[in-house]
Amino acid sequence: MQYECNCPLTSVISGFAFLAYLLGAIPNGFLIARAKGIDIRTVGSGNIGATNVYRSVSKALGILTFVLDAVKGAVPALVFPLLVKACTIQVAPGWVPLLFGGLAIVGHTWPVYLRFKGGKGVATSAGVLIGIAPGATGIGVACWFIALVTTRYMSVASIVAATAVPAAGWWLYASQGVALPVSLTVLGVLIIWRHKGNIQRLMSGTESRFEFRKKPHE
């Protein structure tokens, strides 16, 4: 006899919401740097994100950190809603991917494993956005790349992308309802707020530029 799973929808959503936070809270940058004998919180900018790993540990490990941080955002936004559907015959609300993706970003930003002191959420947000708003994400990535090449400030590129994605979201998705554009706007505000230290350093002229290649003396 075939077993049909029909768990209460609220319980299923709550369970996967909790898992989304725990997955997002995994501090990939911290763990990767620790494997090399480095506490990433004590070097460079002190941030556990991909940019600091890239600068303070190695370029390859920085890229790996970015990919892993993006994956932990994409999985809750893309895979968890499918698992909810498999666990109940009830129809899940359309905001479920937004909830799971948002909690993954919250987990990365305030991880329980590191006493709620995490990264800025850029890579994890990118993973979430690929799942819920690919069109706006494409525009955001293009703006991020242009800003990075033009200014060589990773923080400026991230802030530009955090502004471009919500703008693109209102342009592309407003006709389908305001839930997604509003969510993208809140996410953009959160990312910019998490860069407040970078903004202060930009204003004082002490922000570090991103180096695409090592300098000759290095």
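First residue of the sequence shown? That's 8 in my numbering, and the numbers climb one at a time after it.
Idealized CB from N, CA, C, for every residue including glycine.
A residue is called buried once 16 or more other Cβ atoms fall within 10 Å of its Cβ, and W200, having fewer, is exposed. Distance from the CA of I139 to the CA of R48, rounded to the nearest whole angstrom, comes to 31 Å.
In the three-state scheme derived from DSSP, where H, G and I count as helix and E and B as strand, F217 is classed as coil. Non-local C-beta neighbours of A171 in its own chain, meaning closer than 7 Å and more than five positions away in sequence, comprise I146, G147 and C150, ordered along the chain. According to the DSSP assignment, G80 belongs to the alpha helix (DSSP H) that extends over K66 to C94. Within 10 angstroms of the beta-carbon of M161 lie 16 or more other beta-carbons, which makes it buried.
L110 is positioned such that its CB atom lies no closer than 7 Å to that of A168.
About 5 Å separates the beta carbon of G142 from that of L179, a gap short enough to meet the 8 Å contact definition.
Counting only the Cα atoms, K203 lies some 14 Å from A164. When only Cα atoms are considered, G125 and F73 end up about 14 Å apart. Just so you know, the alpha carbons of A154 and P15 end up roughly 47 Å apart.
One Cα belongs to R41, the other to I20, and the distance between them is close to 34 Å. Inclusion of I33 and V64 in the CB contact set at 7 Å is not warranted, their separation being larger than that value. In this structure, T131 lies near H115, with their beta-carbon atoms less than 7 Å apart. L30 is classed as buried because its beta carbon has at least 16 other beta carbons within 10 Å across all chains shown. DSSP places C150 inside the alpha helix (DSSP H), whose first and last residues are P141 to T158. Out of V50, D76 and R208, the CA that lies nearest to the CA of A57 is found in D76. A straight line joining the alpha-carbon of E218 with that of R159 spans about 7 Å. In the three-state reduction of the DSSP assignment, V196 falls in the helix class. F107 places its beta carbon 7 Å or farther from that of A186. The three-state reading of DSSP puts V98 in coil, since its state is none of H, G, I, E or B.
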